[in-house]
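Q: Structure incoming, see below.
Residue numbers (our numbering), protein chains in the order written: chain A, 44 to 414; chain B, -4 to 434.
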């Protein structure tokens, strides 16, 4: 049958609206949103200084200036909060803002005259001004119970509790140098490396819901995910499932995302661990991973007091003892781990001795000791 | 603190009154000086004239349930928008019977302008769109750098995306795909910047948007761009492909500003905090309070420039170093990026095209050679760096190592030929001696 005949003989059904074809525009050009002074001097800045905590003054090669006022946010923002920040930017600022890697908001103005009123407006609405220089900046963090499908805790709540405790260290610049803290809701550690990292640490092998594994999980893929080859296919009650060699299992949770019936989280066995000495910058020492110092802290919402206590101990031992410009890891490198555990009052255990691939490189292969 | 049970005012949007969920645990996160995300969620819940109020009420209910049970209750699924295979993080509630209004609570990952710059007009437009089609909750930004529009139904995803796309925004990456990228403030406001970070990011990412929108790689692949080795976007730890600004010539020194710094801070402070903290003892303070810098020994760590930023500055022969293979723990353990390209000039149009070409070749190599669910850092470990360099046609360079191998388990019968190639690249005779002017 020809198309012509078909078209003329068949009544047209009501067609559903055609779906809109996306414009694959990619990453937008930032110049269209940028403060005009920054646009004009793009790539031509000469130097900067910090007139007070939370305020930066950048001077261009031609003498132009831009002032930045940095404020903390809750990152997970409701539209009312965002509009309030916009109102402040429109009335006290010059309508242009940006966000930092750590979810602080920055308001740019061309003259220092506007800075005091901008700070006052932010403080009045409850936004702390700070996070610059030798401060504790906002904790970079993950999604947690609010939105993640595999979370062991709620990073937003941990962060709110800790930032309340460290509020003064955000709005002042009294630390030895910058302090970057991170929080992660599982051992994948989306929060990243930090001077102090507050991360979920599982303590028991997964509990397996054998009735669901066969229907939900691609078993070979789950077997392949295990870093220590502890998972094997098996049959349970006549159904295909998986079993875990609990002697080999390192409780990392890697099997859980591809196979939710491998339940790694529980109200009791999901714990919090604290790590220190991570560093992204190449300044002075090479970038470094954070190192375990405390494990097995209770996952205790809504305010995680046990975590707060340990973070406070570590932060203030560092503040009291580190030299200017020394990051957490560089301070420990200088004073040594024996003194770190003494000064913080924390315990050194067999669990601090690395057992993973390359562990020997983390041991002291020298006669350098400290007493 | 609020009452444990607030009386709702028609919060289900259908006129029938529905009680707000009691949130005694979350309420404890409203006190204290830091801005509270719980207070923000309650503002949304209490906006009873808005379509999202009942959804946020049930979201708060589920979150309180998580705080009580100490467990999460979301599961993934498959949701996308027309034409794309990624960019939406689907969330279906496992306790949707108790909290039906938020039983679908998907997130749109949206790519921000490079460097996270906004004006209030575009932020307000985003709020209006998300107020119409979502929960009213937006995060600036997620750890991959996306704007996260958190919480909408399956139908809401398409509506919100269509409107965001109309104002110039596009979905980011999720799943086994090229991911959303990040760059530092750089050229826009920072004197340490060694290349146009936003241009480099947009050149590379926008020439590969297909890899973002239709996931087809073995696993995720991330680019990050930092204008200097201070690495403010954490590229070396967190990116498969880290682009770090650097320079080849000498640190620029304004000796009058050096003297002014020493006069202000004192000699002892300058020696203790600048000279003694140089990792390669490349800077020294002279008797007249000027500095000498041994630029051949300098590793471009940035410390002295960070401290004396009015007196010292990166040189003029600018470009980037490229490190490949950074990632977090799954599955072999943490890996940092490894130096692969010690220096690539990045100034002219041709330079940016060259960077883009190299990025494409690395993505192609990853697509062709990585195992399923393997990051490129793990591929490098599996096959060894020489095989990777060979595939990408890159010559070995001593900047790639902390030190040469310490293990003797290697076959070296072509060592002489390899040495001759090295000398040829350096413009020397096969035995390493210098050529005469006539040659």
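Where is the CB? At the ideal position from N, CA and C, for every residue including glycine. The structure displayed is predicted, hence computed values, not measured ones.
1) Below 8 Å, can you find three or more Cβ-Cβ pairs linking the region 154 to 161 of chain A to the region 105 to 113 of chain A?
2) Using a Cβ cut-off of 7 Å, pull out every chain A residue sitting near residue 301 of chain B, in sequence order please.
3) What number of angstroms, rounded off, separates the C-alpha of residue 135 of chain B from the C-alpha of residue 121 of chain A?
4) For residue 313 of chain B, which residues in chain A fall below 7 Å Cβ to Cβ?
5) Applying a beta-carbon distance threshold of less than 8 Å, which residues of chain B neighbour residue 192 of chain A?
6) Establish whether the CB of residue 395 of chain A and some CB of chain B are separated by less than 9 Å.
7) In chain order, what residues of the region 207 to 241 of chain B put their CB closer than 7 Å to some CB of chain A?
8) Considering residue 55 of chain B, what are the terminal residues of the beta strand (DSSP E) in which it resides?
9) Is the region 350 to 365 of chain A close to the region 255 to 264 of chain B, with three or more CB pairs under 8 Å?
10) Specify the secondary structure class of residue 97 of chain B as computed by DSSP and reduced to three states.
11) Identify, in the order they occur along the chain, each residue of the same chain with its Cβ nearer than 7 Å to the Cβ of residue 420 of chain B, setting aside the five sequence neighbours on each side.
12) Looking at the C-beta of residue 339 of chain B, does it have a partner C-beta in chain A at a distance below 9 Å?
13) So, is residue 297 of chain B buried or exposed, given that buried needs 16 or more other C-beta atoms within 10 angstroms?
14) Do you know whose CA, among A/205, A/185 and A/207, lies nearest residue 227 of chain A's CA?
15) Any chance you could list the alpha helix (DSSP H) runs of at least 4 consecutive residues sitting entirely within the region 151 to 211 of chain A, in chain order?
16) Identify each residue in the region 134 to 161 of chain A for which the Cβ-Cβ distance to at least one residue of chain B is less than 7 Å, and report them in chain order.
17) Along the alpha helix (DSSP H) that carries residue 340 of chain A, what are the first and last residues, could you check?
18) What are the boundary residues of the beta strand (DSSP E) that residue 280 of chain B is part of?
19) Buried or exposed: residue 172 of chain A, going by 16 or more other Cβ atoms within 10 Å of its Cβ?
20) Report the start-end ranges of each beta strand (DSSP E) in the region 75 to 152 of chain B that is 3 residues or longer and not cut off at the edges.
21) Does any CB atom of chain B fall closer than 9 Å to the CB of residue 313 of chain A?
22) Comparing the C-beta of residue 197 of chain B with each C-beta of chain A, is any distance below 9 Å?
23) Where does residue 408 of chain A sit, in a helix, a strand or coil, going by DSSP?
24) Taking 9 Å as the CB-CB limit, is residue 362 of chain A close to chain B?
25) Output the residue ranges of the beta strand (DSSP E) runs that lie fully inside the region 272 to 304 of chain A and measure 3 residues or longer, sorted by chain position.
26) Could you list which residues in chain A have their beta carbon closer than 7 Å to that of residue 186 of chain B, in chain order?
27) Across which residues does DSSP place residue 351 of chain B in a beta bridge pair?
28) Return the bridge partner residues of residue 142 of chain A from the DSSP annotation.
29) Look at the Cβ atom of residue 320 of chain B, then the Cβ atom of residue 372 of chain B, and state whether they are nearer than 9 Å.
30) So if DSSP puts residue 91 of chain A in a beta bridge, which residue, or which two residues, is it bridged to?
31) Tell me whether the beta-carbon of residue 287 of chain A lies closer than 9 Å to the beta-carbon of residue 316 of chain A.
32) Among the candidates A/344, A/77, A/140 and A/270, whose CA atom is the shortest distance from the CA of residue 182 of chain B?
33) Could you work out which residues of chain B lie near residue 129 of chain A, taking near to mean beta carbons separated by less than 7 Å?
34) For a contact defined as C-beta to C-beta under 8 Å, what are the partners of residue 274 of chain B on chain A?
35) Would the beta-carbon of residue 454 of chain B fall within 9 Å of that of residue 141 of chain B?
36) Across which residues does DSSP place residue 264 of chain B in a beta bridge pair?
A: Concretely, from the data shown:
1) Output reads yes: the region 105 to 113 of chain A touches the region 154 to 161 of chain A.
2) Taking the second chain and counting its residues from 1, the one referred to as residue 301 of chain B is at position 306. Result: 326.
3) By one-based count along the second chain, residue 135 of chain B stands at place 140. By one-based count along the first chain, residue 121 of chain A stands at place 78. Roughly 11 Å separates the two Cα atoms.
4) The residue you call residue 313 of chain B lines up with position 318 of the second chain. None at all; the shortest Cβ gap to chain A is about 10 Å.
5) As a working mapping, residue 192 of chain A is identified with position 149 in the first chain. Chain B residues near residue 192 of chain A: 67, 69, 70, 71 and 86.
6) On the first chain, position 352 is the one that residue 395 of chain A refers to. It does not; no Cβ of chain B falls within 9 Å.
7) 208, 224, 225, 226, 227, 228, 229, 231, 232 and 233
8) The residue labelled residue 55 of chain B in the question sits at position 60 within the second chain. From DSSP, residue 55 of chain B is part of no beta strand (DSSP E) but of the alpha helix (DSSP H) over 48 to 64.
9) Not touching, per the Cβ criterion.
10) Sequence index remark: in the second chain, residue 97 of chain B carries index 102 (1-based). Correct three-state label for residue 97 of chain B: helix.
11) Within the second chain, residue 420 of chain B is the residue found at index 425, counting from 1. 390.
12) As a first step, residue 339 of chain B must be located in the second chain, where it is residue number 344. No, no contact with chain A.
13) Residue 297 of chain B sits at position 302 when you count from the first residue of the second chain. It counts as buried.
14) On the first chain, position 184 is the one that residue 227 of chain A refers to. Residue 227 of chain A has its Cα closest to that of A/185, out of A/205, A/185 and A/207.
15) 158 to 167 and 198 to 208
16) Taken in chain order, the members of the region 134 to 161 of chain A whose beta-carbon sits within less than 7 Å of a beta-carbon on chain B are 138, 139, 140, 141, 142, 144 and 146.
17) Indexing the first chain from 1 puts residue 340 of chain A at position 297. Annotation for residue 340 of chain A: no alpha helix (DSSP H) segment contains it, though the beta strand (DSSP E) segment containing it runs 334 to 341.
18) One-based indexing of the second chain puts residue 280 of chain B at position 285. Residues 278 to 280.
19) Translated into the one-based positions of the first chain, residue 172 of chain A becomes position 129. Residue 172 of chain A should be labelled buried.
20) 102 to 105, 112 to 114, 132 to 135 and 142 to 145
21) Taking the first residue of the first chain as 1, we reach residue 313 of chain A at position 270. Judged by the 9 Å Cβ criterion, residue 313 of chain A is in contact with chain B.
22) Within the second chain, the letter at position 202 stands for residue 197 of chain B. Yes - at least one Cβ of chain A is within 9 Å of the one on residue 197 of chain B.
23) For the purposes of this step, residue 408 of chain A is taken as the residue at position 365 of the first chain. Coil at residue 408 of chain A, not helix or strand.
24) The residue you call residue 362 of chain A lines up with position 319 of the first chain. False, the Cβ-Cβ gap to chain B never drops below 9 Å.
25) 274 to 279 and 282 to 287
26) If you number the second chain from 1, residue 186 of chain B lands on position 191. Near residue 186 of chain B (Cβ distances below 7 Å), the residues of chain A are 88, 89, 90 and 91.
27) As a first step, residue 351 of chain B must be located in the second chain, where it is residue number 356. DSSP lists no partner for residue 351 of chain B.
28) The count along the first chain starts at 1 and reaches residue 142 of chain A at position 99. In DSSP, residue 142 of chain A forms a bridge with A/148.
29) Translated into positions along the second chain, residue 320 of chain B becomes position 325. Translated into positions along the second chain, residue 372 of chain B becomes position 377. Yes, Cβ-Cβ distance for residue 320 of chain B and residue 372 of chain B is below 9 Å.
30) For the purposes of this step, residue 91 of chain A is taken as the residue at position 48 of the first chain. Residue 91 of chain A is bridged to A/101.
31) Locating residue 287 of chain A in the first chain gives position 244, counting from the first residue. Locating residue 316 of chain A in the first chain gives position 273, counting from the first residue. Against a cut-off of 9 Å, the Cβ pair of residue 316 of chain A and residue 287 of chain A comes out as no contact.
32) Counting from 1 along the second chain, the entry for residue 182 of chain B is found at position 187. Minimum Cα distance to residue 182 of chain B is reached at A/77.
33) Looking up residue 129 of chain A in the first chain gives position 86. Taking the beta carbon of residue 129 of chain A as reference, the chain B residues within 7 Å of it are 115, 118 and 119, listed in sequence order.
34) Mapped onto the second chain, residue 274 of chain B falls at position 279. What residue 274 of chain B touches in chain A, judged by beta-carbon distance under 8 Å, is 327 and 328, going in chain order.
35) Outside the displayed span of chain B (-4 to 434) sits residue 454 of chain B, for which this structure offers no information.
36) Counted from its first residue, the second chain places residue 264 of chain B at position 269. DSSP output for residue 264 of chain B lists no bridge partner at all.
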